[in-house]
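Here's the structure we're looking at; comments come further down.
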Amino acid sequence: MGLSKTEVNLRRLLAAAPQQQNHAKLVHYVATLREQLEQLAEERTPEGLPRVSKAKVNDYSEKIEAIASKLAAPLPNIKVHHEPVSENSFKESPPQTDGENHNPSSPGLRRRLVPASSTKDRNQDTKEADTSPSVKLDAAAQVHIEKHRKLQEDLTDEMVVLARQLKESSLMMSHSVQNTEKEDKSYSLLLILNHRLFPALQICIIFAI
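For the sequence shown, my numbering begins at 64 and goes up steadily by one.
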C-alpha cells in the first residue's frame, strides 16, 4: 500500500525540521507535524482498517517530540535596543539596574525580542510547507491532463476529417446514383421511341418500294 499524501507531507516536514534555525518557524513546524500526525492516525483503508500501524504512529510521535524538545533549549542573549526617553520620564520612573535592563522575562522586553516579521515568516513557511508537495502533485497532474487533452484534440481532428470524407463520399454516391437514374431514363426513353418509330419506319420503307 502506498503512502498517503498526509504521510508524505509529514515525512518531508520531519526531514526539514532539524535543519530549521528560525525559532518561530520551528515552533510552527512542530504544530504542523502534530496536526498531520493526528490526521494520519485517523486515516482508514477502504476496508475500515487503520492506514498506519500504531507502532509507526508512535515512532512519528517520538521524532516530533524530539524536535519539540529543541524549543526548550535556552535562547542566545539578544541585545535590546532601548528607545530614547525624555528627561521627565527619568524623573518619574525609578532607575533600573543593568540586570533589569537585560532581563528577558519582562513582558515589555519579551515583546521586543519577537521580531515584527516573525508572524510573516511563520505564515510564509506554513504556505511553503503545506503547498510544496501539492504543487508538485498538481504539476504532475497538469502534465497528465495536458497529455490527455492533446490526445482528445487529435482524436477530435481525426473525427472531423473522417466526417468530412464521409460527407464527400455520400455526395459523390448521390451524384452517381442521380446520373445513373438519368441514364436509365434516357435509355428507357430511347427504347420507347424505338418501339414507336420502328413500325412507322417499316411502313415508309414499304411504300417507298
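Here a beta-carbon is modelled for each residue, glycine too, at the ideal position from N, C-alpha and C.
Model, not experiment: these values are computed from the prediction.
Annotation for V93: the continuous alpha helix (DSSP H) segment containing it runs 86-105.
Look at the beta carbons and you see the segment 117-134 touching the segment 94-108: at least three pairs across the two are nearer than 8 Å. Across the structure, Q205 and L214 are spaced so that their CA atoms are roughly 14 Å apart.
No residue range can be given for L112, since it is assigned to no alpha helix (DSSP H) and is classified by DSSP as neither H nor E. In the three-state reduction of the DSSP assignment, S249 falls in the helix class. The three-state secondary structure of Q83, taken from DSSP, is coil. Between G65 and the set A79, I130, A94, V115, the nearest pair of CA atoms involves V115. L89 and L77 do not touch by the CB rule: their CB atoms are close to 12 Å apart, not below 8 Å.
Between the alpha carbons of N72 and H211 lies a gap of roughly 28 Å. Residue environment: V93 is assigned as buried (16 or more neighbouring CB atoms within 10 Å of its CB, all protein chains considered). Per DSSP, reduced to three states, the secondary structure at S124 is helical.
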